[in-house]
Structure formats: structure tokens, C-alpha cells
Amino acid sequence: MQESTQKKYHVADFAQIEGTACPCGTARRAFADVDEFPGTLHVTEISETAELHYHRKLTETYYFLECGEDAQMQLDEEIIPVHAGMAIVIPPGVRHRAIGTMKIINIVFPKFDPADEWLD
1 MQESTQKKYH VADFAQIEGT ACPCGTARRA FADVDEFPGT LHVTEISETA ELHYHRKLTE
61 TYYFLECGED AQMQLDEEII PVHAGMAIVI PPGVRHRAIG TMKIINIVFP KFDPADEWLD
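Each residue of the sequence shown is one higher than the one before, starting from 1 at the first, in UniProt numbering.
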């Protein structure tokens, strides 16, 4: 019997992942190629000029790692203050943008698709 040498786990080193421009700033995205994981994991540095956008299929969960002093999120017509340690689930159809600078972990289900970013 031959043993499999393929590992049963997956590791992402975000320091080694190239950043990609997105409506929020710069995202480093991991696990898009992992069949066993139905989503993607992003570390995103959000600029002060984040654009209002939405997704038709994707659900995003933002976990705030770092936030500027006056950091806020616009969720449809509501603006709420945010700080490190908070999380927000953003279902499909909710228009959203970050206001201020922040660094987040973004857990996206299903897997992130750049074609599902819609700007008004």
C-alpha cells in the first residue's frame, strides 16, 4: 500500500500573497484553489476612499483587526462606528463601504468572484 504524500491541510502566508486592488483598497486573497474550503479568506487594507458596492451572490464577514479613530461602515443607508474586535456579516444585496482606514479579515462565501462586485 502506497502512502499519500499530499497534505490534508492548507497554509496561507499573507506576507507572500500579492495584493489586488478592490473597491475597498488592497486585498490579499487565499484558498480560492482549495476544493475542501467553500469560500475564500482575505486580509484587506481599506483606504479612506472605499467605494460603495454590493454583491449579488457573495456573503462577506468583516472582522476588524485595526481601525482608524473615526472608522465607520456604511451598510445600505445606515452608517455605524466600528472598532478592532468587531465583526459584521454582509449578505448579498447590502450596499456597503468602509469610511476611514482599517485592516480587516474578510471571510467570503461562496468563493470570491471579482465579477460579483457591483458599483452604483
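Ideal Cβ positions, reconstructed from N, Cα and C, are used throughout, including at glycine.
For clarity, every value in this text was computed on a predicted model and none was experimentally measured.
If we ignore side chains and look at the alpha-carbon of each, how far apart do residue i and residue j end up?
i: H55; j: K8; result: 31 angstroms
i: D116; j: F37; result: 19 angstroms
i: R95; j: F14; result: 27 angstroms
i: D70; j: D113; result: 30 angstroms
i: Y62; j: R97; result: 11 angstroms
i: M100; j: G68; result: One point to set straight first is that residue 100 is Gly, not Met, in the sequence displayed. Rounded to the nearest angstrom, the two C-alpha atoms are 6 angstroms apart.
i: K57; j: A27; result: 19 angstroms
Assuming residue i contacts residue j under a Cβ cut-off of 8 angstroms, what Cβ separation, rounded to an integer in Å, is found between them?
i: T40; j: G25; result: Incorrect: roughly 17 angstroms between the Cβ atoms, too far for contact.
i: V108; j: H53; result: Their Cβ separation, rounded to whole angstroms, is 13 angstroms, which puts V108 and H53 out of contact at 8 angstroms.
i: A50; j: E66; result: A50 to E66, Cβ: 15 angstroms. No contact.
Over what stretch of residues does the beta strand (DSSP E) that includes residue i continue unbroken?
i: I99; result: 96-99
i: G25; result: 25-30
i: E66; result: 59-67
Helix, strand or coil: how does DSSP classify residue i here?
i: F109; result: strand
Let me check one thing: in DSSP terms, what residues is residue i bridge-paired to?
i: V89; result: T61
i: T20; result: A27
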